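A.B. asks:
Protein chains in written order, with my numbering: chain A, 28 to 153; chain B, 11 to 29.
1) Helix or strand or just coil, what does DSSP make of residue 13/B?
2) For residue 60/A, count the other beta carbons within 10 Å of its own beta carbon; 16 or more makes it buried, fewer makes it exposed. Which is it?
3) On a Cα-Cα basis, can you pick out the residue from 125/A, 117/A, 130/A and 135/A that is closest to residue 142/A?
4) Are residue 45/A and residue 63/A touching if we call contact CB-CB under 8 angstroms?
5) Determine the direct distance from the alpha carbon of residue 65/A to that of residue 56/A, and round the result to whole angstroms.
6) Residue 136/A versus chain B: which residues are under 7 angstroms apart at the beta carbon?
7) If the criterion is Cβ atoms closer than 8 angstroms, does the pair residue 93/A and residue 102/A meet it?
8) If we ignore side chains and look at the alpha-carbon of each, how far apart do residue 132/A and residue 33/A end up?
9) In chain B, which residues lie with their C-beta within 7 angstroms of the C-beta of residue 45/A?
10) Suppose contacts are defined by Cβ-Cβ distances below 8 angstroms. Is residue 74/A in contact with residue 115/A by that definition?
11) Below 8 angstroms, how does it come out for the stretch 35-49 of chain A and the stretch 12-24 of chain B: are there three or more Cβ pairs, yes or no?
12) Taking the Cβ atom as the reference point for each residue, do residue 40/A and residue 23/B lie within a distance shorter than 8 angstroms?
13) So residue 140/A packs on residue 126/A, CB below 8 angstroms; how close in whole Å?
14) In the DSSP assignment, the alpha helix (DSSP H) including residue 126/A goes from what residue to what residue?
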């Protein structure tokens with residue numbers, strides 16, 4: 028398999044917001060990301076819309092094409108099917124929610140074309 | 011207990027080509 032999923036997606040992982048507040052990964056809300064990015068001097072939240080989901084190089088991988096930000100830049104990422112993205116107003120979502128829940132005990136919705144995910148860019152970047 | 015920064019959790023998506 029390509030890469031192991033990072034440990035912070037495990038249910039119960041402690042996440043520090045930009046204002047110092049600690050939350051569990053499963054308790055994060057859309058506002059937590061928005062407010063943290065507002066405080067950040069370097070990072071900016073972008074809306075990344077899922078345009079396509081295709082099979083990846085290995086059976087447990089997918090290639091997700093996003094349309095990023097106001098400029099609608101097309102960006103492809105290859106991830107494991109269980110990799111969770113945070114969808115605005117919905118929360119954690121992955122291409123295979125059952126597997127995400129099985130591996131990380133993290134409740135997930137199904138990531139679909141048209142979903143708008145939270146992503147980051149650098150401030151001041153064009 | 012490890013504490014992870016919020017920005018680890020969301021992908022950094024930026025166009026690879028600049029204009």
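Glycine included, C-beta positions come from ideal geometry on N, C-alpha and C.
Every value quoted in this text rests on a predicted model; they were computed, and no experiment measured them.
C.D. replies: Let me spell this out:
1) Taking the second chain and counting its residues from 1, the one referred to as residue 13/B is at position 3. In this structure, residue 13/B counts as strand in the three-state DSSP scheme.
2) Working through the first chain from its first residue, we reach residue 60/A at position 33. Burial call: buried.
3) Locating residue 142/A in the first chain gives position 115, where the first residue counts as 1. Cα-wise, what sits closest to residue 142/A is 117/A.
4) By 1-based counting over the first chain, the position of residue 45/A is 18. By 1-based counting over the first chain, the position of residue 63/A is 36. Yes; because the gap between Cβ atoms is below 8 angstroms, this pair is in contact.
5) What you label residue 56/A is simply residue 29 of the first chain in a count that begins at 1. What you label residue 65/A is simply residue 38 of the first chain in a count that begins at 1. Going by the C-alpha atoms only, they are around 15 angstroms apart.
6) What you label residue 136/A is simply residue 109 of the first chain in a count that begins at 1. By Cβ distance, chain B contributes nothing, its closest Cβ being about 16 angstroms from residue 136/A, past 7 angstroms.
7) By 1-based counting over the first chain, the position of residue 93/A is 66. By 1-based counting over the first chain, the position of residue 102/A is 75. Yes, the pair counts as a contact, with Cβ atoms nearer than the cut-off.
8) Taking the first chain and counting its residues from 1, the one referred to as residue 132/A is at position 105. Taking the first chain and counting its residues from 1, the one referred to as residue 33/A is at position 6. The straight-line gap from Cα to Cα measures roughly 14 angstroms.
9) Reading the first chain from its first residue, position 18 is the one you call residue 45/A. Here the neighbours are 16.
10) Translated into positions along the first chain, residue 74/A becomes position 47. Translated into positions along the first chain, residue 115/A becomes position 88. In this structure, residue 115/A lies closer than 8 angstroms to residue 74/A by Cβ.
11) yes
12) Residue 40/A sits at position 13 when you count from the first residue of the first chain. Residue 23/B sits at position 13 when you count from the first residue of the second chain. Contact flag unset, no.
13) Residue mapping note: residue 140/A aligns to position 113 of the first chain, counting from 1. Residue mapping note: residue 126/A aligns to position 99 of the first chain, counting from 1. Residue 140/A to residue 126/A, Cβ: 19 angstroms. No contact.
14) The residue given as residue 126/A occupies position 99 in the first chain. Here the alpha helix (DSSP H) through residue 126/A covers 124-131.
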